[in-house]
Each structure stands twice: as C-alpha cells, then as structure tokens.
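Chemist: Under my numbering, residues 373 to 631 are what the sequence shown spells out, in order.
Idealized CB from N, CA, C, for every residue including glycine.
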Amino acid sequence: MDLGLAGRNAIVCASSRGLGRACAQKLAEAGCTVVINGRDRDHLTAVAFEIAERTEAAVIPVVGDVATAEGQAALLEACPAPDILVNNNAGPPFRDFRELDREAILTGLVANMVAAIELTQTVIDGMRARRFGRIVNITSGSVKMPLPGLDLSSGARAGLTAFMAGVARTVAADGVTINALLPGIFETDRLKAMIAATAERRGVTPEEVAAERLATVPARRLGTPEEFGAACAFLCSAHAGYITGQSLLIDGGAFPGAF
Numbered sequence: 373m374d375l376g377l378a379g380r381n382a383i384v385c386a387s388s389r390g391l392g393r394a395c396a397q398k399l400a401e402a403g404c405t406v407v408i409n410g411r412d413r414d415h416l417t418a419v420a421f422e423i424a425e426r427t428e429a430a431v432i433p434v435v436g437d438v439a440t441a442e443g444q445a446a447l448l449e450a451c452p453a454p455d456i457l458v459n460n461n462a463g464p465p466f467r468d469f470r471e472l473d474r475e476a477i478l479t480g481l482v483a484n485m486v487a488a489i490e491l492t493q494t495v496i497d498g499m500r501a502r503r504f505g506r507i508v509n510i511t512s513g514s515v516k517m518p519l520p521g522l523d524l525s526s527g528a529r530a531g532l533t534a535f536m537a538g539v540a541r542t543v544a545a546d547g548v549t550i551n552a553l554l555p556g557i558f559e560t561d562r563l564k565a566m567i568a569a570t571a572e573r574r575g576v577t578p579e580e581v582a583a584e585r586l587a588t589v590p591a592r593r594l595g596t597p598e599e600f601g602a603a604c605a606f607l608c609s610a611h612a613g614y615i616t617g618q619s620l621l622i623d624g625g626a627f628p629g630a631f
C-alpha cells in the first residue's frame, strides 16, 4: 500500500533502538525524511546510516535527551516544520512504588508525559496551517492493564493519553490527528532488562520469567518491532485521517477485554 507519505518530514523521538527505531525505519520506507534521536552519538550515527542505506531516504541523526529543552530544540532545529511527530521515550526503571521519591516521580512524569506535550505544543499549529499533521504517542499496554513495578510509567503514560485525547478533538478539522500506540510484550532490549530484573528479584532464571510472560499472550509469541513500526506508519499515513483520539493496543490479545 502506498501510504501517501513521500516527501513528508518526520521526527521520531528516542529512535536509535527498539520500537522507536522500527517506526523510523517504516516511515523512511514510506518516503519520509526522518529525524532520528538518541543519546549515544556513535550508535545513533550508525543507525541513521543503516536506515538510509536500506531505504534510500534522508535520515538525520540528532543527539540529545528529548526530555530536556536542549534536546527538543535540537530536534526542531533539524526539522522546524514536521508533518509527523512520533513521541517516544524510555520508561522509568522497574521499581516498587514504595521506592519512588518525589524527584524520581517528577523525572518520570517529565520523560513520559511532559516532553510529549511540550513538543506537541511547538509543532501543532504549523501542522494545522499546512492542513496535515500526524502525532503518534508511543505509550504502553500497561495504560490499560497496569503492571506492578511499572506504576510510574503507567501513570505518566495514562496521563498523556487523557491529555492528548482532549487536544485531538480540537485539531481534527484541520487535518491533524493524534493517536497512541500501546505495545504489549515486544522483543526489545527493554523487555530483556525487565525480565532480568524480575528474575533477580524472585531468585529464578530469566528463562522462567520469559516463559511466564509469554504464557499470558494468546498469540504465544513476542511482538516484533517491524510490525509495530508498520502500525505507526499506517496511523501517520494519508489513509488514516479519520482516526484520531484513539489508543491502538498491540499486544497479541493479552488484554482480556472487548473495549
């Protein structure tokens, strides 16, 4: 399917690895010029080269922490008028909520809620003026099905979801959509780290924890970053202009509900 994105400009935050990288890859395949972002300069540069080589798209690496004003400014300097913004950032570390102090809570809120709001504030009126815009917020399946130990991540991302749902209705008539992607268990470095932390805490092997997690997924497999990226690219496409204010759960059927 031609997604109708050739020549569009996209910013994909926290996109040097995992699901963010997959989104950047698919948008590049669709013909977008893509700004990718990460904090490890050497790794980010290598990823930009690899995506560009595979897709023949223009890929611009921007080093920085998207949760900081400096990081956001660098992204917008590289792409002042994005047609597409994919908000993404690593979640807080797996931790019992009793261990969270005020500083940790505020840091988590800034990283997983405030930063996305700030970037959206900056780019949305330009999208409205051009009569086209796609904002996709990568949140988590834990927004619908919270997991102990990920309380801060779930809370911040749920707050972002509610905040953006209201905003989405105010810009829909201008050709701008805002949606969220809620990943379940995907094959990423973050999943491996979470499994290792859980195994250490419980005194079992990572393989045992992984098997337990997989047993909760009706599809009986991990999600792949590639299929997640494809879903993101579709929500950004010319064909998805009538989808807004929605949260698309991609979890292999793990959430046990119809709505």
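Taking Ile510 as the reference, which of Asp497, Leu532, Gly521 and Ala571 has the closest Cα?
Modeler: Comparing Cα positions, the closest option is Leu532.
Chemist: Which residues in the same chain have their Cβ closer than 6 Å to the Cβ of Met499, if we skip the five residues on either side of it in sequence?
Modeler: Same-chain partners within the cutoff: Gly505 and Val548.
Chemist: Report the rounded CA-to-CA distance for Arg389 versus Ala545, giving the unit in angstroms.
Modeler: Those two C-alpha atoms are separated by around 34 Å.
Chemist: In the DSSP assignment, what are the bridge partners of Thr405?
Modeler: According to DSSP, Thr405 bridges with Asn381.
Chemist: Can you find the residues in the same chain that come closer than 6 Å, C-beta to C-beta, to Ala626, ignoring five residues on each side of it along the sequence?
Modeler: Closer than 6 Å at Cβ, skipping near neighbours: Gly556, Thr588 and Val589.
Chemist: Of all the options Gly521, Thr440, Arg529 and Leu607, which has the alpha carbon lying nearest to the alpha carbon of Val515?
Modeler: Measuring from the Cα of Val515, the nearest candidate turns out to be Arg529.
Chemist: Hey, would you say Cys338 sits closer than 8 Å to Asn484, going by beta carbons?
Modeler: Absent from the structure is residue 338, since the part of the chain shown begins at 373 and ends at 631.
Chemist: Give the list of continuous alpha helix (DSSP H) stretches no shorter than 4 residues that lie fully inside the stretch 469 to 552.
Modeler: The qualifying runs are 474 to 481, 487 to 502 and 523 to 543.
Chemist: Which one or two residues does DSSP pair with Val434 in a beta bridge?
Modeler: Asn409, per the DSSP bridge assignment.
Chemist: With Leu620 as the anchor, note down where its beta strand (DSSP E) starts and where it stops.
Modeler: Note, Leu620: beta strand (DSSP E), Ser619 to Ile622.
Chemist: Would you call the stretch 532 to 541 in contact with the stretch 460 to 477, where contact means no fewer than 3 C-beta pairs closer than 8 Å?
Modeler: No, because fewer than three Cβ pairs between the stretch 532 to 541 and the stretch 460 to 477 fall closer than 8 Å, the two stretches do not touch.
Chemist: Have a look at the DSSP bridge pairing and note the partners of Leu554.
Modeler: Paired residues: Leu621.
Chemist: Just the Cα atoms here: how many angstroms apart are His611 and Arg413?
Modeler: Their backbone Cα atoms lie some 35 Å apart in a straight line.
Chemist: For the beta strand (DSSP E) that contains Ile456, what are its first and last residues?
Modeler: Segment Ile456 to Asn459, the beta strand (DSSP E) holding Ile456.
Chemist: Report buried or exposed for Glu580, applying the criterion of at least 16 other Cβ atoms within 10 angstroms of its Cβ.
Modeler: With fewer than 16 other Cβ atoms within 10 Å, it is exposed.
Chemist: Hey, how far is the Cα of Ala583 from the Cα of Ala602?
Modeler: Those two C-alpha atoms are separated by around 26 Å.
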